[in-house]
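Enquirer: The numbering of the sequence shown is numbering that gives the first Met the number 0, which starts it at 0 and goes up by one.
Glycine residues also receive a C-beta, built at the ideal position from the N, C-alpha and C atoms.
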Amino acid sequence: MIARWWPPIGVAAMVLLGWAVRRGPVPVDIWFQRLGSEMGAYGDAFLLFTTPLLMTAALIIGIVVAVRQHRTGLALAMAVSPPVAIGIVRISKPLFGREKGGALAYPSGHTTFLVVVVGLLVVVAGVTFWAVLIGLCVSLLGTFGQAVTYHYFTDALGAALLGTSVVCVAAMFDRFGRADRDVGMSPELR
């Protein structure tokens, strides 16, 4: 049920947060940046979770799994969702105009990509407890890495709001595909 309502709520929250922080860092952003300075090079280790090549490889594996499971709607949504999410980020950044280090920062593209890919992998895994827990941990570690290095915490938070909204829309395509496949099954196998 929440998957159906979350996309408009998440996008609205992302827009409101972006509007609220567009002028500069807020205290929580400054706290994370100070923590990143204190951590030094150790903070960079968390950037592994937002490496585009690693995330792309994981996404491709997830698409292959979805295809092999005959979840073509989900596989298609998995192929389309990350570019759509990044397109939304690229359109949004100039609208909010928030900068860090001379570059547009809100919402974080790396964090958006991470949250979308990890969320889609959780959907492929069947949204089991362990898949959700692992996905949450990976997303939080990557978000933390961005919040203490290249982005402000609120940039990463806005990206997570957008990313989870995109994942919920993509998950709806999996449900449509499942309903089509389940029609011919006996009730015991559904």
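In chain order, which continuous runs of the alpha helix (DSSP H) of length 4 or greater are located wholly inside the region 41-113?
Expert: Here the runs fully enclosed are 51-67 and 71-95.
Enquirer: One question on the structure: do L120 and A130 come within less than 9 Å of each other, judged by their Cβ atoms?
Expert: Yes, these two residues count as a Cβ contact at 9 Å.
Enquirer: Expressed to the nearest angstrom, what Euclidean distance is found between the alpha-carbon atoms of V117 and V137?
Expert: Each residue's Cα considered, the two are about 8 Å apart.
Enquirer: Just to confirm my understanding: we take A65, look at its own chain, exclude 5 residues before and 5 after, and list those with CB closer than 7 Å. What are they?
Expert: Answer for A65: L73, A74, M77 and V123, listed in chain order.
Enquirer: Can you grab the Cα-Cα spacing for the pair G134 / I59, in whole Å?
Expert: The alpha-carbon atoms of G134 and I59 are separated by roughly 16 Å.
Enquirer: Once DSSP output is grouped into helix, strand and coil, what is the label at A124?
Expert: Here A124 sits in coil by DSSP.
Enquirer: With 16 as the cutoff for other CB atoms within 10 Å, does G141 come out buried or exposed?
Expert: Label assigned to G141: buried.
Enquirer: Given this structure, state the Cα-to-Cα distance separating H109 from M171, to the nearest angstrom.
Expert: C-alpha separation (whole angstroms): 24 Å.
Enquirer: Among R21, R33 and G9, which has the Cα closest to the Cα of T111?
Expert: Comparing Cα-Cα distances from T111 to each of R21, R33 and G9, the minimum goes to G9.
Enquirer: Buried or exposed: which applies to P93, given that a residue is buried once 16 or more other Cβ atoms fall within 10 Å of its Cβ?
Expert: When all chains shown are included, P93 counts as exposed.
Enquirer: Within the 9 Å Cβ cut-off, does T50 reach chain D?
Expert: Annotation note: the requested chain D is absent from the structure, which comprises a single protein chain.
Enquirer: Give me the Cα-Cα distance between M13 and L52, rounded to the nearest whole angstrom.
Expert: Taking the straight line from one Cα to the other gives about 26 Å.
Enquirer: Where does the unbroken alpha helix (DSSP H) through P26 begin, and where does it stop?
Expert: First-last of the alpha helix (DSSP H) with P26: P26 to M38.
Enquirer: Only counting the same chain, and skipping five residues up and downstream in sequence, which positions put a Cβ closer than 8 Å to that of A197?
Expert: Nothing in the structure corresponds to residue 197, since the chain is present only between 0 and 189.
Enquirer: Could you pull out every residue in the same chain whose Cβ sits closer than 6 Å to the Cβ of G17, ignoring the five residues on either side in sequence?
Expert: Correct list, in chain order: F95, Y105 and G157.
Enquirer: Tell whether a beta-carbon distance below 9 Å holds between I62 and V165.
Expert: No. Outside cutoff.
Enquirer: With a Cβ-Cβ cutoff of 9 Å, do V27 and F143 count as a contact?
Expert: No; because the gap between Cβ atoms is not below 9 Å, this pair is not in contact.
Enquirer: Around the Cβ of L160, are there at least 16 other Cβ atoms within 10 angstroms (buried) or fewer (exposed)?
Expert: Per the 10 Å Cβ criterion, buried.
Enquirer: By DSSP, does T163 sit in helix, in strand, or in coil?
Expert: Note: T163 maps to helix in three-state DSSP.
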